[in-house]
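>
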Amino acid sequence: MALEVKQPLSTSIAPQTRINRPRVRIGDLVTYAALLVLALFFLFPLAWMMLSSFKPGQQIASAPLYFDVSTFSLQNYEDMLANVPLWVGFKNTFIVILLKGGITLFFAPLAAYAFAKMRFRGRDLLFNILLATLMLPPIVMLIPLLLQMGALKWIDTFQALVLPGAIGAFYIFLMRQQIADIPDELMEAARIDGCNSFQTYWQIVIPIVRPALAALAILVFLDIYNDFVWPTLAIHSIDMQTLQVMLSYLYTQINNASVGTAGANAWGQVMAASSLATLPLLIVFIVLQRQFIKGIMAGALKG
Numbered sequence: 515m516a517l518e519v520k521q522p523l524s525t526s527i528a529p530q531t532r533i534n535r536p537r538v539r540i541g542d543l544v545t546y547a548a549l550l551v552l553a554l555f556f557l558f559p560l561a562w563m564m565l566s567s568f569k570p571g572q573q574i575a576s577a578p579l580y581f582d583v584s585t586f587s588l589q590n591y592e593d594m595l596a597n598v599p600l601w602v603g604f605k606n607t608f609i610v611i612l613l614k615g616g617i618t619l620f621f622a623p624l625a626a627y628a629f630a631k632m633r634f635r636g637r638d639l640l641f642n643i644l645l646a647t648l649m650l651p652p653i654v655m656l657i658p659l660l661l662q663m664g665a666l667k668w669i670d671t672f673q674a675l676v677l678p679g680a681i682g683a684f685y686i687f688l689m690r691q692q693i694a695d696i697p698d699e700l701m702e703a704a705r706i707d708g709c710n711s712f713q714t715y716w717q718i719v720i721p722i723v724r725p726a727l728a729a730l731a732i733l734v735f736l737d738i739y740n741d742f743v744w745p746t747l748a749i750h751s752i753d754m755q756t757l758q759v760m761l762s763y764l765y766t767q768i769n770n771a772s773v774g775t776a777g778a779n780a781w782g783q784v785m786a787a788s789s790l791a792t793l794p795l796l797i798v799f800i801v802l803q804r805q806f807i808k809g810i811m812a813g814a815l816k817g
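To convert, take the position in the sequence shown, counting from 1, and add 514; that gives this note's numbering.
#1: With burial defined as no fewer than 16 other Cβ atoms inside 10 Å of the residue's Cβ, what is the status of Met470: buried or exposed?
#2: Can you list the beta strand (DSSP E) stretches of 3 or more residues lying completely in the stretch 683 to 712, in chain order?
#3: Counting beta carbon pairs with one atom in the stretch 593 to 603 and one in the stretch 783 to 799, are three or more of them shorter than 8 Å?
#4: For Pro623, count the other beta carbons within 10 Å of its own beta carbon; 16 or more makes it buried, fewer makes it exposed. Which is it?
#5: With 16 other CB atoms within 10 Å as the buried threshold, where does Phe556 fall?
#6: Need the endpoints of the alpha helix (DSSP H) that Lys614 sits in, please.
#7: In chain order, what residues of the same chain lie with their CB nearer than 6 Å to the CB of Thr607, ignoring the 5 residues before and after it?
#8: May I ask which residues mark the beginning and end of the alpha helix (DSSP H) holding Gln673?
#9: If I follow the unbroken alpha helix (DSSP H) through Trp562, where does it start and stop?
#10: Tell me the DSSP secondary structure of Thr756 in three-state form.
#11: Using the rule of at least 16 other Cβ atoms within 10 Å of the residue's Cβ for burial, across every protein chain shown, is Asn590 buried or exposed?
#12: For Asn642, which residues of its own chain have a beta-carbon under 7 Å away from its beta-carbon, when the five flanking residues on both sides are left out?
#13: With burial defined as no fewer than 16 other Cβ atoms inside 10 Å of the residue's Cβ, what is the status of Trp601: buried or exposed?
#14: Am I right that Ala748 and Leu675 are in contact with their C-beta atoms under 8 Å? What's the rounded C-beta distance?
#15: When you compare only the Cα positions, how much space is there between Gly817 and Ile718?
#16: Check whether the Cβ atoms of Ile768 and Val598 lie closer than 8 Å to each other.
#17: Around the Cβ of Ile797, are there at least 16 other Cβ atoms within 10 angstroms (buried) or fewer (exposed)?
#18: In or out: Thr714 buried (at least 16 other Cβ within 10 Å) or exposed?
#19: Determine the direct distance from the alpha carbon of Leu666 to that of Pro652, and round the result to whole angstroms.
#20: Determine contact between the stretch 610 to 629 and the stretch 733 to 744, defined as no fewer than three beta-carbon pairs at a distance below 8 Å.
#21: So, Phe621 versus Ile681, is the Cβ gap smaller than 8 Å?
#22: Rank Leu659, Met760 and Thr766 by C-alpha distance to the C-alpha of Ala791 and give the top, closest one.
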């Protein structure tokens, strides 16, 4: 007689899965609200400048906080570009960025690699001297640099704009801190494979510190783009002026180009020029903000 094997009834009940929903805390809401207010506070001047650039000059003077869509006009931009060679300032500035920025991005990491990974006599002393130069106010170097440029007959030339300060001590220090975190075992493995010092730097170090290089590129761009004091001293002719120098004399240039220009109309053109000058900075920040934050934080946490 065949025995029937009865399957035991399963009495187990599947446990109910709980969905952990994030709890909204009052403290977080207050923090986000405060940050939103601060963001609006800092963005308001920028938004006001850009909106004012599309307003008639008389409306800027009579109702600075009011914007009527029906009065939207590009007249300020047209008048400004007709009176001031602003594109010359853009051209000169971007030439300096390409030349000076290229020198910085090539030589600063190279010097940082030497200070971080190479062994030679006097290395620490030289690095300490380099750090000591960071304590000097930049303004104390202006007169000696200006005298040096005059002796070399470089006043009012691109050499005066590009070469002084091209390899800054801060840039070397920043990259040295990043390169110092690379394990020495990678350097030794590259040497065993037959790489010389420059090949090790180019094939091993550069790919690892690429986020830091992106951050360095952004810092160099901002530093050169916003530089005002040194170009003011080193450049005299309008054809060689950088963008920031041209913006500083913009009101005078508008009045000289268009005699009898009303003050409100001139300020409308100033708003238009300032808005155009701000666009490259906004584009760089929006496009490269992740790389900038990642590069700055690359060496923040050390194991």
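Note that CB positions come from ideal geometry on N, CA and C, so glycine has one too.
With the given structure in hand:
#1: Nothing about residue 470 can be read from this structure; the chain reaches only from 515 to 817.
#2: Listed in chain order, nothing qualifies, since the stretch 683 to 712 has no complete beta strand (DSSP E) run of 3 or more residues.
#3: Segments in contact, yes.
#4: Here residue 623 refers to the residue found at position 109 of the sequence shown. Counting Cβ neighbours within 10 Å, Pro623 comes out buried, since at least 16 surround it.
#5: If you number the sequence shown from 1, residue 556 lands on position 42. That one is exposed.
#6: On the sequence shown, position 100 is the one that residue 614 refers to. For Lys614, the enclosing alpha helix (DSSP H) starts and ends at Leu600 to Lys631.
#7: If you number the sequence shown from 1, residue 607 lands on position 93. Thr756 and Leu757, listed in sequence order.
#8: Working through the sequence shown from its first residue, we reach residue 673 at position 159. Residues Phe672 to Val676.
#9: For the purposes of this step, residue 562 is taken as the residue at position 48 of the sequence shown. Its alpha helix (DSSP H) spans residues Ile540 to Ser566.
#10: By 1-based counting over the sequence shown, the position of residue 756 is 242. Residue state, collapsed to three classes: coil.
#11: In the sequence shown, residue 590 corresponds to position 76, counting from 1. Answer is buried; the Cβ neighbour count reaches 16.
#12: Mapped onto the sequence shown, residue 642 falls at position 128. Excluding its 5 nearest sequence neighbours in each direction, Asn642 has no C-beta neighbour in its own chain below 7 Å.
#13: As a working note, residue 601 is residue 87 in the sequence shown. Answer is exposed; the Cβ neighbour count stays below 16.
#14: In the sequence shown, counting from the first residue as 1, residue 748 sits at position 234. In the sequence shown, counting from the first residue as 1, residue 675 sits at position 161. Indeed they touch by this definition, with Cβ atoms about 6 Å apart.
#15: Along the sequence shown, read from residue 1 onward, the residue named residue 817 stands at position 303. Along the sequence shown, read from residue 1 onward, the residue named residue 718 stands at position 204. Here the model assigns Gly817 a pLDDT of 42, short of 50, so the residue's position is not dependable, and the following value carries that caveat. Here the C-alpha atom of Gly817 lies approximately 20 Å from the C-alpha atom of Ile718.
#16: As a working mapping, residue 768 is identified with position 254 in the sequence shown. As a working mapping, residue 598 is identified with position 84 in the sequence shown. Going by C-beta atoms, Ile768 is nearer than 8 Å to Val598.
#17: Residue mapping note: residue 797 aligns to position 283 of the sequence shown, counting from 1. So Ile797 counts as exposed.
#18: Within the sequence shown, the letter at position 200 stands for residue 714. For Thr714, the number of other beta carbons within 10 angstroms of its own is at least 16, and it is reported as buried.
#19: Here residue 652 refers to the residue found at position 138 when the sequence shown is read from its first residue. Here residue 666 refers to the residue found at position 152 when the sequence shown is read from its first residue. In a straight line, the C-alpha of Pro652 is about 21 Å away from that of Leu666.
#20: A contact exists between the stretch 610 to 629 and the stretch 733 to 744.
#21: As a first step, residue 621 is located in the sequence shown; it is residue number 107 there, counting from the start. As a first step, residue 681 is located in the sequence shown; it is residue number 167 there, counting from the start. In this structure, Phe621 sits near Ile681, with a CB-CB distance shorter than 8 Å.
#22: Counting from 1 along the sequence shown, the entry for residue 791 is found at position 277. Closest option to Ala791, Cα to Cα, is Met760.
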